[in-house]
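Written below as structure tokens is the structure these notes are about.
Residue numbers (the numbering used here): 8 to 100.
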């Protein structure tokens with residue numbers, strides 16, 4: 008239960024500061040990292056603030072879990088890219 012309360016406190020603090028600094032840097036920093044389809048351009052402020060707060064709080068509380076999920080997603084992406092390249096080479100011939 009203590010971990011849950013620490014997570015909630017981290018979530019609230021990250022959400023508060025991300026919302027407070029949205030115009031002065033968070034929105035621009037987010038737009039620099041995202042592909043054009045996902046760019047916020049200042050819109051969807053609360054959706055991005057909540058998403059950043061969830062990711063930040065979870066990373067603070069369970070960093071190994073976040074790292075393992077990132078590694079798993081990278082391995083899946085690599086396999087999908089290799090399969091797509093293999094399939095496209097078979098179709099081209």
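Every residue, glycine too, gets a C-beta built ideally from N, C-alpha and C.
A residue is called buried once 16 or more other Cβ atoms fall within 10 Å of its Cβ, and residue 78, having fewer, is exposed. If you draw a straight line from the Cα of residue 12 to the Cα of residue 51, it comes to about 27 Å. The C-beta distance from residue 68 to residue 25 rounds to 17 Å, too long to fall under 8 Å, and the pair is not in contact. Looking from the CA of residue 14, the closest CA among 74, 56, 64, 70 belongs to 64. Take the alpha-carbon of residue 96 and the one of residue 20: they are about 50 Å apart.
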